[in-house]
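J.:
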Amino acid sequence: MSYRNQRILIILSFTIIPIALLFVFAYLPVVNMFRYSFTDWNGYSKTFEYVGFENYKSIFTDPKYFSVFKVSLYYFFATFAQMGLALYFATILSFKVKGKNFFKGILFFPYLLNGVAIGFIFLFFFKPDGTFDTVLQALGLDFLIQKWLLNPHIINVSLAGASVWRYMGFNFIVFLGAISSISKDIYEASDIDGANRWHQFRHIILPSIKRIVQLNIILSISGAISAFDIPYIMTGGSNGSNTFVIQTVDVAFKYGKVGLASAMAVVLLFIVVTVTLIQQFFVKEDK
Amino acid sequence: MQAAKPTVRKSARSHTLRYTAAAILKYASLTIGALAALIPIVVVLFASLKTGGEYSSTGPLTPPGNWLNFDNYTKAFVNGKMLVGFMNTMIILIVSIIGATLTGSMIAYILSRFQFRGKKLLLGAFLLATLIPSVTTQVATFQIINDLNLFNTRLAPIVLYLGTDIIAVYIFLQFLDTIAVSLDESAMLDGASYFKIYFRIILPLLLPAVVTVVIIKGVSIYNDFYTPFLYMPKTSLQVISTALFKFKGPYGSQWEVICAAIIITIIPTLIAFLSLQKYIYNGFAQGSEKG
Numbered sequence: 007m008s009y010r011n012q013r014i015l016i017i018l019s020f021t022i023i024p025i026a027l028l029f030v031f032a033y034l035p036v037v038n039m040f041r042y043s044f045t046d047w048n049g050y051s052k053t054f055e056y057v058g059f060e061n062y063k064s065i066f067t068d069p070k071y072f073s074v075f076k077v078s079l080y081y082f083f084a085t086f087a088q089m090g091l092a093l094y095f096a097t098i099l100s101f102k103v104k105g106k107n108f109f110k111g112i113l114f115f116p117y118l119l120n121g122v123a124i125g126f127i128f129l130f131f132f133k134p135d136g137t138f139d140t141v142l143q144a145l146g147l148d149f150l151i152q153k154w155l156l157n158p159h160i161i162n163v164s165l166a167g168a169s170v171w172r173y174m175g176f177n178f179i180v181f182l183g184a185i186s187s188i189s190k191d192i193y194e195a196s197d198i199d200g201a202n203r204w205h206q207f208r209h210i211i212l213p214s215i216k217r218i219v220q221l222n223i224i225l226s227i228s229g230a231i232s233a234f235d236i237p238y239i240m241t242g243g244s245n246g247s248n249t250f251v252i253q254t255v256d257v258a259f260k261y262g263k264v265g266l267a268s269a270m271a272v273v274l275l276f277i278v279v280t281v282t283l284i285q286q287f288f289v290k291e292d293k
Numbered sequence: 003m004q005a006a007k008p009t010v011r012k013s014a015r016s017h018t019l020r021y022t023a024a025a026i027l028k029y030a031s032l033t034i035g036a037l038a039a040l041i042p043i044v045v046v047l048f049a050s051l052k053t054g055g056e057y058s059s060t061g062p063l064t065p066p067g068n069w070l071n072f073d074n075y076t077k078a079f080v081n082g083k084m085l086v087g088f089m090n091t092m093i094i095l096i097v098s099i100i101g102a103t104l105t106g107s108m109i110a111y112i113l114s115r116f117q118f119r120g121k122k123l124l125l126g127a128f129l130l131a132t133l134i135p136s137v138t139t140q141v142a143t144f145q146i147i148n149d150l151n152l153f154n155t156r157l158a159p160i161v162l163y164l165g166t167d168i169i170a171v172y173i174f175l176q177f178l179d180t181i182a183v184s185l186d187e188s189a190m191l192d193g194a195s196y197f198k199i200y201f202r203i204i205l206p207l208l209l210p211a212v213v214t215v216v217i218i219k220g221v222s223i224y225n226d227f228y229t230p231f232l233y234m235p236k237t238s239l240q241v242i243s244t245a246l247f248k249f250k251g252p253y254g255s256q257w258e259v260i261c262a263a264i265i266i267t268i269i270p271t272l273i274a275f276l277s278l279q280k281y282i283y284n285g286f287a288q289g290s291e292k293g
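Protein sequences appear in the order of chains A and B.
Anchor point for the first sequence: position 92 equals 98 in the numbering used here, and the numbering is continuous, going up by one each time.
Anchor point for the second sequence: position 192 equals 194 in the numbering used here, and the numbering is continuous, going up by one each time.
Structure representation (structure tokens):
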């Protein structure tokens, strides 16, 4: 077969399956979601009515639907603690430390764990007289003991804490990789100039990993807005821990309001895409 | 000269003092970090080895009396049908990973080596899809799976893992840039077909990228809860995540059994981590650059 015909054959045969999968499972759902969002479909009837912007109106006017975005704020602020810890540990472990690989492994390991296992681990951790209460008692900090998962004012802090525990290792390993790619000569030169560790962090490490830190912050923001796993497994969204995604899933699959749930998903998609586009814009500016 | 001497010594001493203080602070913070990462898991291990009576009479930080009491493990493994979970997870994992490696490397090969009309558009379509968080579109994806008659079959998660996995395409694309085109060209001079070039030259050279894809996909599939929970509620199709989740109801008060189930779920992850550490670090550091 000539290379010309071969070329056509290979392009067609190698792209048809990936393209079909991409369109059916990545784009078609988005298109359908927009369509459903203007209907009152319940998910199983053969027929549905177009209701215009009714669904969107109820999301933005009924505080029951929109107020859950408040919960995202807890995950959003937890993101900064997570980045700070990851950056701190990545920086000190990029210098000479005894037991480097040991600490690196332990700090990263939680990220690899099964989401359901993490949910249960933290149910056990936060339950009354559980691990956390016992540790606080042992440290003589009894007065700090709370109903971690029952008090609506604290529950989201507890859940966001579990989320930091889960994802910190990922940011840590990414930052560590970025820091280790900085040439050793630069540190040596700065040592000669009398720079201390803080100067090195401030003027060498931070500027060279600025982009990857930004990228991780933006990714975590999208993650905070679409928080689902941990609160769903641990509390099912009770006691004021309901997130927007848990609510969307419940509205669609528990209450059979696919039209309304689609509108909620469109709103969420819109927010996440906006955040991502802002990030892309900033990253480009930087280059 | 003489006057300068003591000041030098003094500043040297305060220098070492500062360094010691910094070192103590450094190791203290590392230890606290390590304890914070470990304690939540270790207490679960403790509880999983305790008898029912022992569990209710001792605190979570107390080690078990008998380190070889595996009763809870048998109970969790048998009653929780965890073997079914492992089998289904393995099947889905293997098929999805092979599928993702093949489809991902094929489309990457085409996009990196051939010029054709619509190529930019195609690349853009794959790029744009990374912006869609799949958790937001499940409402509509569910109907598609249903219409394709894939609901409650192992194919449902498999096609979803394949169809929405764009990161593999990126890892392959990036890696293909480092493989010299002259290799393809010299093979063509020998009369090799494009298919032969892909299977004999490109695919074997992509091996390091395949390792990265296997790790990233493997971890995300093993740990995914949402997809199997939503698309395969049938008990005979439960995966490890959904099998574990089912402990929530009936074993609500028997924490020692739940803890055994948690540890059973963690063991494969721990083994994989200890044996593939280096690849895992590299894999995630590389994969993230595409994020």
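Glycine included, C-beta positions come from ideal geometry on N, C-alpha and C.
Go to A/His-205, then tell me how far its alpha helix (DSSP H) extends in each direction, as first and last residue.
T.: Here the question's residue 205 of chain A lines up with position 199 in the first sequence. Note, A/His-205: alpha helix (DSSP H), 203-206.
J.: If I follow the unbroken alpha helix (DSSP H) through A/Glu-194, where does it start and stop?
T.: Position 188 of the first sequence, counted from the start, is the residue given in the question as residue 194 of chain A. Per DSSP, A/Glu-194 belongs to the alpha helix (DSSP H) from 190-198.
J.: Leaving out the 5 sequence neighbours to the left and right, which residues in its chain are closer than 8 Å to B/Lys-77 when beta-carbon positions are compared?
T.: Against the second sequence, residue 77 of chain B aligns to sequence position 75. Answer for B/Lys-77: Val-259, Ala-262, listed in chain order.
J.: Taking beta-carbon pairs under 8 Å, can you tell me which members of the stretch 42-65 of chain B lie near chain A?
T.: If the cut-off is 8 Å between Cβ atoms, the stretch 42-65 of chain B has Pro-42, Ile-43, Val-45, Val-46, Ala-49, Gly-61, Pro-62, Leu-63 near chain A.
J.: Are any of the Cβ atoms in chain B nearer than 8 Å to that of A/Met-39?
T.: Start at 1 with the first residue of the first sequence, and residue 39 of chain A comes out as number 33. Answer yes: the Cβ-Cβ gap between A/Met-39 and chain B drops below 8 Å somewhere.
J.: Which of the three DSSP states is assigned to B/Ala-5 in this structure?
T.: Position 3 of the second sequence, counted from the first residue, corresponds to residue 5 of chain B. A caution first: B/Ala-5 carries a pLDDT of 45, below 50, which makes its placement in the model too unreliable to give a value.
J.: Evaluate A/Ser-345 with the Cβ neighbour count: other Cβ atoms within 10 Å of its Cβ, from every protein chain shown; 16 or more gives buried, anything less gives exposed.
T.: Look at the range of chain A in this structure, 7 to 293, and you will see that residue 345 of chain A is not part of it.
J.: Is there a Cβ of chain B sitting closer than 8 Å to that of A/Gln-12, yes or no?
T.: Position 6 of the first sequence, counting from 1, holds the residue named residue 12 of chain A. At least one chain B Cβ lies under 8 Å of A/Gln-12.
J.: I'd like to know whether the C-beta atoms of B/Gln-145 and A/Asn-38 end up nearer to each other than 8 Å.
T.: Taking the first residue of the second sequence as 1, we reach residue 145 of chain B at position 143. Taking the first residue of the first sequence as 1, we reach residue 38 of chain A at position 32. Yes, Cβ-Cβ distance for B/Gln-145 and A/Asn-38 is below 8 Å.
J.: Taking just the CA atoms, how far does A/Lys-133 sit from B/Pro-66?
T.: Along the second sequence, one-based indexing puts residue 66 of chain B at 64. Along the first sequence, one-based indexing puts residue 133 of chain A at 127. Spanning the two alpha carbons is a distance of roughly 19 Å.
J.: Would the beta-carbon of A/Val-122 fall within 8 Å of that of A/Ile-211?
T.: Taking the first residue of the first sequence as 1, we reach residue 122 of chain A at position 116. Taking the first residue of the first sequence as 1, we reach residue 211 of chain A at position 205. Cβ atoms of A/Val-122 and A/Ile-211: not closer than 8 Å.
J.: List the residues of chain A that B/Phe-118 touches, going by C-beta distances under 7 Å, in chain order.
T.: By 1-based counting over the second sequence, the position of residue 118 of chain B is 116. Per Cβ cutoff of 7 Å: Ile-17.
J.: Taking 8 Å as the threshold (beta carbon to beta carbon), is B/Tyr-75 in contact with chain A?
T.: Mapped onto the second sequence, residue 75 of chain B falls at position 73. So, not an interface residue.
J.: Does the ligand MN have even one heavy atom less than 7 Å from the beta-carbon of A/Val-36?
T.: You won't find the ligand MN in this model; it holds no ligand whatsoever.
J.: Please report the distance separating the alpha-carbon of A/Gln-285 from that of B/Leu-37.
T.: As a first step, residue 285 of chain A is located in the first sequence; it is residue number 279 there, counting from the start. As a first step, residue 37 of chain B is located in the second sequence; it is residue number 35 there, counting from the start. Computed Cα separation, rounded: 35 Å.
J.: So is B/Gly-35 in contact with chain A if we call contact Cβ pairs under 8 Å?
T.: Translated into positions along the second sequence, residue 35 of chain B becomes position 33. Yes, B/Gly-35 counts as interfacial toward chain A.
J.: For A/Thr-140 versus B/Gly-35, is the C-beta distance shorter than 8 Å?
T.: For the purposes of this step, residue 140 of chain A is identified with residue 134 of the first sequence, where counting begins at 1. For the purposes of this step, residue 35 of chain B is identified with residue 33 of the second sequence, where counting begins at 1. No.
J.: Using only CA atoms, which one of B/Ile-168, B/Ile-181, B/Gln-256 lies nearest to B/Ser-58?
T.: Against the second sequence, residue 58 of chain B aligns to sequence position 56. Cα-wise, what sits closest to B/Ser-58 is B/Gln-256.
J.: Between A/Leu-275 and chain B, is any beta-carbon pair separated by less than 8 Å?
T.: What you label residue 275 of chain A is simply residue 269 of the first sequence in a count that begins at 1. Cβ-Cβ to chain B under 8 Å: yes for A/Leu-275.
J.: Going by other Cβ atoms of all chains shown within 10 Å of its Cβ, with 16 needed for buried, is B/Pro-230 buried or exposed?
T.: In the second sequence, counting from the first residue as 1, residue 230 of chain B sits at position 228. When all chains shown are included, B/Pro-230 counts as buried.
J.: Could you tell me which of B/Asp-192, B/Phe-48, B/Val-171, B/Ile-217 sits nearest to A/Leu-28, measuring between CA atoms?
T.: Numbered from 1 along the first sequence, position 22 holds the residue referred to as residue 28 of chain A. Measuring from the Cα of A/Leu-28, the nearest candidate turns out to be B/Val-171.
J.: Between B/Tyr-111 and B/Leu-178, how many whole angstroms is the CB-CB distance? I'm expecting something under 8 Å.
T.: For the purposes of this step, residue 111 of chain B is identified with residue 109 of the second sequence, where counting begins at 1. For the purposes of this step, residue 178 of chain B is identified with residue 176 of the second sequence, where counting begins at 1. About 7 Å separates the two Cβ atoms, so the contact holds.
J.: Let me know the secondary structure DSSP gives A/Gln-12 once reduced to three states.
T.: Taking the first sequence and counting its residues from 1, the one referred to as residue 12 of chain A is at position 6. In the structure shown, A/Gln-12 sits in a helix (DSSP, three-state: H, G or I).
J.: What residues of chain A sit near B/Phe-243, judged by a beta carbon separation below 8 Å?
T.: Your numbering for residue 243 of chain B matches position 241 in the second sequence. Phe is not the amino acid found at residue 243 of chain B; the sequence shown has Ser there. In chain order: Asn-120, Gly-121, Val-122.
J.: Could you tell me if A/Val-273 is buried or exposed, where buried requires 16 or more neighbouring beta carbons within 10 angstroms of its beta carbon?
T.: Residue mapping note: residue 273 of chain A aligns to position 267 of the first sequence, counting from 1. That one is buried.
J.: How big is the Cα-Cα spacing for A/Val-257 and A/Val-57?
T.: The residue labelled residue 257 of chain A in the question sits at position 251 within the first sequence. The residue labelled residue 57 of chain A in the question sits at position 51 within the first sequence. Between A/Val-257 and A/Val-57, the C-alpha separation is close to 17 Å.
J.: Give the straight-line distance between the Cα atoms of B/Leu-164 and B/Arg-119, rounded to the nearest whole angstrom.
T.: Numbered from its first residue, the second sequence carries residue 164 of chain B at position 162. Numbered from its first residue, the second sequence carries residue 119 of chain B at position 117. Approximately 25 Å, taken between the alpha carbons.
J.: Return the first residue and the last residue of the alpha helix (DSSP H) that A/Lys-260 is part of.
T.: Against the first sequence, residue 260 of chain A aligns to sequence position 254. It is not in any alpha helix (DSSP H) - A/Lys-260 carries neither H nor E in the DSSP assignment.
J.: Is there at least one Cβ from chain B nearer than 8 Å to A/Leu-150's Cβ?
T.: Here residue 150 of chain A is taken as the residue at index 144 of the first sequence, counted from 1. Taking Cβ atoms only, chain B never reaches closer than 8 Å to A/Leu-150, which makes this a no.
J.: Enumerate in chain order the residues of its own chain whose CB-to-CB distance from A/Ile-236 is below 8 Å, with the five nearest sequence positions on each side excluded.
T.: For the purposes of this step, residue 236 of chain A is taken as the residue at position 230 of the first sequence. Counting only Cβ-Cβ distances below 8 Å, and skipping sequence neighbours, we find Gly-121, Ile-124, Gly-125, Phe-128, Leu-165, Ala-168, Ser-169, Arg-172.
J.: Alpha helix (DSSP H) containing B/Glu-56: first to last residue?
T.: Here residue 56 of chain B refers to the residue found at position 54 when the second sequence is read from its first residue. 54-59 is the span of the alpha helix (DSSP H), which, as asked, contains B/Glu-56.
J.: For B/Tyr-172, which three-state DSSP category applies?
T.: Working through the second sequence from its first residue, we reach residue 172 of chain B at position 170. In this structure, B/Tyr-172 counts as helix in the three-state DSSP scheme.
J.: So, helix, strand or coil for A/Tyr-56, using DSSP?
T.: One-based indexing of the first sequence puts residue 56 of chain A at position 50. A/Tyr-56: strand per DSSP, three-state reduction.
J.: Use the C-beta contact count for A/Lys-293: other C-beta atoms within 10 angstroms, 16 or more gives buried, fewer gives exposed.
T.: As a working mapping, residue 293 of chain A is identified with position 287 in the first sequence. Below a pLDDT of 50, predicted positions are generally treated as unreliable, and A/Lys-293, at 46, falls in that range; no measurement from the model is reported.
J.: Given a cut-off of 8 Å on the beta-carbon distance, is the pair B/Leu-239 and B/Asn-151 in contact?
T.: Start at 1 with the first residue of the second sequence, and residue 239 of chain B comes out as number 237. Start at 1 with the first residue of the second sequence, and residue 151 of chain B comes out as number 149. For B/Leu-239 and B/Asn-151, no; Cβs fall outside 8 Å.
J.: Within this structure, are the beta carbons of A/Ala-230 and A/Ser-78 separated by less than 8 Å?
T.: Within the first sequence, the letter at position 224 stands for residue 230 of chain A. Within the first sequence, the letter at position 72 stands for residue 78 of chain A. Cβ atoms of A/Ala-230 and A/Ser-78: closer than 8 Å.
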